[in-house]
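Chains as they are written, first to last, in the numbering used here: chain A, 18 to 339; chain B, -16 to 293. Positions of the beta carbon are idealized from the N, C-alpha and C atoms, including for glycine. This structure is a prediction, so every number in the text was calculated from the model and none was measured.
This is how it looks when you write it as structure tokens:
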């Protein structure tokens, strides 16, 4: 197992180097940092001095090396738009995105898993059919449209929930949380439903398909013949065997959640990293884009690694092999 | 000519084929096929069918702005779905917007398809280093959500373009970004089938009589790997349309001068809080309905073409 994990880690290194190279190329060659920083009235001598100060006169590979070393130290330069360190901008917005994504993932799992089990056990019941038809809509409705409709009903027409921002947040040293205040929690409801609904339908449909398949297998028939109760059969035997693909999808979907949080954050003006990225792209703020790319690559590599480890925890057969 | 006698025969044969039979006997396929047809006719016939010309500024009148849709008080039959802030007919804007959304979707998928097929054939046919490099690249890209890739490509290309050219080229930038974001799935599918076909006797025979690799790939292997790719393309068309709408909604897509459905929804979103919901809800319904219909059609096509499910 350890050998496999190490080989997984080694496989991740080229990925990070390639993504690092891309974000280095974006950082260095898209836009002209010298003229952006000096303005249009700079003399050629000032430009040369600036190029030297930024290290842009050095050989390509040296620049790449310096870029990666700085990235490892979490130094991504200054934002063109706000003239603040990119790392500070990202750290300020990290808690908002993390809380939103985690809430959505938990929501999707807590609702999607039971619904999937239920519709898998009773595939032809009226309730199951209604849920399945509804889930089809959930897959086709674009995230931003869902957000708009929720705002229309719950904020504009009913006035129950706030339509933008995080509400009151409580600050710890580097972390601001909306979990501890009522307005923070209320602000979290609509965005997390918007973000989590697609994942919820996905989990539900997956669990349903897997349950239908597992319930037809011989060992379930045998468990029934042994006279085990439905609870033991469904949750002890059947559900456990559906979990491997579910974990894969949930793990990969956390990546998807981070991707789609860009849209949700824009709809709800949620002050997270996604909103930062959209504003940066609108203003051609290259350092932020390049840092976001690096950061997201690291997050995805970590998620894939955690998913791999979880396989071993859930499926004992994998532990025996090799 | 033989063509004249053959064509009714061909039509009759098409009507009798398995796939046409399956289409006629599937209510889902009929309904979603009809919905897609309505969208296409409305979108590409917008010049004749639209009740107003939303781009003719002379015909717009601010006294018509914010008219509600028909059953509501103060509405007019001339503007069935109501009007927006500039007095533009929402229905006409939707028809023109659907056309742009469909054009971007089709063009992006055409690009992803050609790129994916070409690279997939190369990887599958030559194997070795070519295969390893191409498939690793596809793997890396597939581990990110395609929307994120499209977003970043769009942002980088925009930053590279001179400021004045951005609006004029935005359509092509969008097509390029979405196309780039969707090639790996096609490449993987084509590569998988090519690996199988490469070992078949007809490929061996072609090679023995001295046909070059390019011709073998293009005219011998390609027709045999095309089926599953076309199904994938149908499903991806819906997703590409959603990608475009999402990028336009984020303000990174088409400018308000050539609005797609996403731009219309984004524009209407500004008036949501004052209660003028129809400006954003109607384009939204059309978008979601069209994508749902395309997805259902894709699902049906996949099942109809898959002999294992029959």
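Check: Helix or strand or just coil, what does DSSP make of residue 302/A?
Finding: Taking the first chain and counting its residues from 1, the one referred to as residue 302/A is at position 285. Here residue 302/A sits in coil by DSSP.
> So which residues on chain B does residue 299/A lean against when the C-beta distance must stay under 8 Å?
Replying inline: Taking the first chain and counting its residues from 1, one reaches residue 299/A at position 282. Within chain B, the residues near residue 299/A are 234 and 235.
Would you check if the segment 145 to 158 of chain A and the segment 238 to 245 of chain A touch, i.e. whether three or more CB-CB distances between them fall below 8 Å? no
#### Entry: Rounded separation between residue 319/A and residue 127/B - CA only
Here residue 319/A refers to the residue found at position 302 of the first chain. Here residue 127/B refers to the residue found at position 144 of the second chain. So the two alpha carbons sit approximately 13 Å from each other.
Query raised in the report: In chain order, what residues of the same chain have a beta carbon less than 8 Å from the beta carbon of residue 43/A, not counting five sequence neighbours either side?
Result: As a first step, residue 43/A is located in the first chain; it is residue number 26 there, counting from the start. The answer, listed in chain order, is 303, 306, 307 and 310.
Is residue 272/B near residue 170/B, with beta carbons less than 7 Å apart?
-> Within the second chain, numbered from 1, the residue matching residue 272/B stands at position 289. Within the second chain, numbered from 1, the residue matching residue 170/B stands at position 187. No. Outside cutoff.
Rounding to the nearest angstrom, what Cα-Cα distance links residue 155/B and residue 140/B in this structure? Taking the first residue of the second chain as position 1, residue 155/B is located at position 172. Taking the first residue of the second chain as position 1, residue 140/B is located at position 157. The alpha-carbon atoms of residue 155/B and residue 140/B are separated by roughly 10 Å.
- Residues of chain B with CB under 9 Å from residue 306/A, in chain order? One-based indexing of the first chain puts residue 306/A at position 289. Neighbours of residue 306/A on chain B, chain order: 135, 138, 139 and 142.
### Any chain A beta carbon closer than 7 Å to residue 219/B
Taking the second chain and counting its residues from 1, one reaches residue 219/B at position 236. No - not a single Cβ of chain A is within 7 Å of the one on residue 219/B.
* Asked: When the Cα of residue 278/B is compared with those of 218/B, 243/B and 239/B, which residue comes out closest?
  -> By one-based count along the second chain, residue 278/B stands at place 295. Nearest of 218/B, 243/B and 239/B to residue 278/B, Cα basis: 218/B.
With DSSP collapsed to three states, give me the class of residue -13/B. Taking the first residue of the second chain as 1, we reach residue -13/B at position 4. With a pLDDT of only 47 at residue -13/B, under the threshold of 50, the placement of this residue in the model should not be trusted; the figure read from the coordinates follows. Residue state, collapsed to three classes: helix.
Fill in: Whole-angstrom distance between residue 250/A and residue 92/B, CA atom to CA atom
The sequence position of residue 92/B within the second chain is 109, counting from 1. The sequence position of residue 250/A within the first chain is 233, counting from 1. Residue 92/B and residue 250/A: Cα-Cα distance of roughly 45 Å.
### Query
What does a CB cutoff of less than 7 Å around residue 261/B pick up in its chain, not counting 5 residues either side in sequence?
Mapped onto the second chain, residue 261/B falls at position 278. Hits under 7 Å: 51, 52, 64, 65 and 73.
When you compare each of 255/B, 136/B and 202/B to residue 226/B by their alpha carbons, which one comes out closest? In the second chain, counting from the first residue as 1, residue 226/B sits at position 243. That would be 136/B, whose Cα lies nearest to the Cα of residue 226/B.
| As assigned by DSSP and simplified to three states, the class of residue 332/A | For the purposes of this step, residue 332/A is taken as the residue at position 315 of the first chain. Of the three classes helix, strand and coil, the one that applies to residue 332/A here is coil, per DSSP.
Should residue 171/A and residue 162/A be called a contact, given that it needs their Cβ atoms to be closer than 7 Å?
-> The count along the first chain starts at 1 and reaches residue 171/A at position 154. The count along the first chain starts at 1 and reaches residue 162/A at position 145. No.
**Prompt:** Of the residues 94/B, 285/B and 173/B, which one's Cα is nearest the Cα of residue 201/B?
**Reply:** Stepping through the second chain from its first residue, residue 201/B is reached at position 218. Residue 173/B is the option with its Cα nearest to residue 201/B.
**Prompt:** residue 150/B by DSSP, collapsed to three states: which one?
**Reply:** Counting from 1 along the second chain, the entry for residue 150/B is found at position 167. Here residue 150/B sits in helix by DSSP.
Exercise. By Cβ distance below 8 Å, which residues in the same chain neighbour residue 152/B in space, the five residues on each side in sequence not counted?
Worked result: Your numbering for residue 152/B matches position 169 in the second chain. These residues qualify, in order along the chain: 144.
Exercise for review: Measure the beta-carbon distance from residue 195/A to residue 205/A and round it to whole angstroms, keeping in mind my assumption that it falls under 8 Å.
Suggested key: Locating residue 195/A in the first chain gives position 178, where the first residue counts as 1. Locating residue 205/A in the first chain gives position 188, where the first residue counts as 1. The Cβ separation is near 6 Å, so the contact holds.
Exercise. Spell out whether any CB of chain A is found under 7 Å from the CB atom of residue 256/B.
Key: The residue given as residue 256/B occupies position 273 in the second chain. Yes, contact with chain A.
Q: State buried or exposed for residue 326/A, treating a residue as buried only when at least 16 other CB atoms are found within 10 Å of its CB.
A: Residue 326/A sits at position 309 when you count from the first residue of the first chain. Looking at its Cβ environment, which holds fewer than 16 other Cβ atoms inside 10 Å, residue 326/A is exposed.
*Cβ neighbours of residue 74/A in the same chain (closer than 7 Å, five flanking residues each side left out)*: Sequence index remark: in the first chain, residue 74/A carries index 57 (1-based). 68, listed in sequence order.
Find the residues of chain A that neighbour residue 130/B, judging by a C-beta separation of less than 8 Å, and give them in chain order.
For this step, residue 130/B is matched to residue 147 along the second chain. Those within 8 Å of residue 130/B in chain A are 276, 277, 279 and 280.
### Query
Is residue 265/A closer than 7 Å to residue 224/A when the C-beta atoms are compared?
The count along the first chain starts at 1 and reaches residue 224/A at position 207. The count along the first chain starts at 1 and reaches residue 265/A at position 248. Their beta carbons are not under 7 Å apart, which means residue 224/A does not touch residue 265/A by this criterion.
Minimum C-alpha distance to residue 211/B - residue among 287/B, 199/B, 259/B and 36/B
Stepping through the second chain from its first residue, residue 211/B is reached at position 228. The shortest C-alpha separation from residue 211/B is found at 287/B.
* Asked: So which residues on chain B does residue 218/A lean against when the C-beta distance must stay under 7 Å?
  -> Numbered from its first residue, the first chain carries residue 218/A at position 201. Result: empty, since nearest Cβ-Cβ is about 13 Å, beyond 7 Å.
*Nearest-angstrom beta carbon gap, residue 228/B and residue 243/B [assumed within contact, 8 Å]*: Position 260 of the second chain, counting from 1, holds the residue named residue 243/B. Position 245 of the second chain, counting from 1, holds the residue named residue 228/B. Indeed, because the Cβ distance is near 7 Å, the residues count as touching under 8 Å.
message = Quick check on this structure: which residue in 211/A, 228/A and 269/A has the alpha carbon closest to the alpha carbon of residue 253/A?
response = Taking the first chain and counting its residues from 1, one reaches residue 253/A at position 236. Nearest option by C-alpha distance: 228/A.
**Q.** The alpha helix (DSSP H) enclosing residue 280/A, as first and last residue numbers
**A.** Within the first chain, residue 280/A is the residue found at index 263, counting from 1. Where residue 280/A is concerned, the enclosing alpha helix (DSSP H) stretches over 257 to 284.
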